[in-house]
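The opening residue of the sequence shown carries number 1 in the UniProt record's numbering; numbering runs sequentially from there. Every residue gets a Cβ at the ideal spot worked out from N, C-alpha and C, and that includes glycine. One structure is given here, and the rest of the page talks about it.
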Amino acid sequence: MIFLSFSALFSLFISFLLIDPTSVLGVIAVVLLAIPIQVAVWFLSAVIYSYFADQVYGKDKVK
């Protein structure tokens, strides 16, 4: 859970860098941009985790 909240803050930080959040539309755009960044971070972490699980345990041992 700590990792998930950290990645959410990280995606918000990236969107703050890309968009100036001084207006209401800027804030909305930051949130809308943070959502796909968040999904991409979750997807990449799942791919990396499954890759390392295959490397550590081996595909034969998982069965």
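Between the alpha carbons of residue i and residue j, how many angstroms are there, rounded?
i      : j      : result
Phe-10 : Tyr-57 : 30 angstroms
Tyr-51 : Thr-22 : 41 angstroms
Gly-26 : Asp-20 : 6 angstroms
Ala-46 : Leu-32 : 22 angstroms
Asp-54 : Ile-48 : 10 angstroms
Trp-42 : Val-24 : 27 angstroms
Kindly examine the ligand NAD and report whether one of its heavy atoms sits closer than 7 angstroms to the Cβ of residue i.
i      : result
Ala-29 : Because no ligand of any kind appears in the structure shown, any question about the ligand NAD cannot be addressed here.
Taking residue i as part of the alpha helix (DSSP H), name the residues at either end of that continuous run.
i      : result
Ser-50 : 24-57
With a cut-off of 8 angstroms, do at least 3 Cβ pairs link the region 12-23 to the region 34-52?
-> Enough Cβ pairs lie closer than 8 angstroms, so yes.
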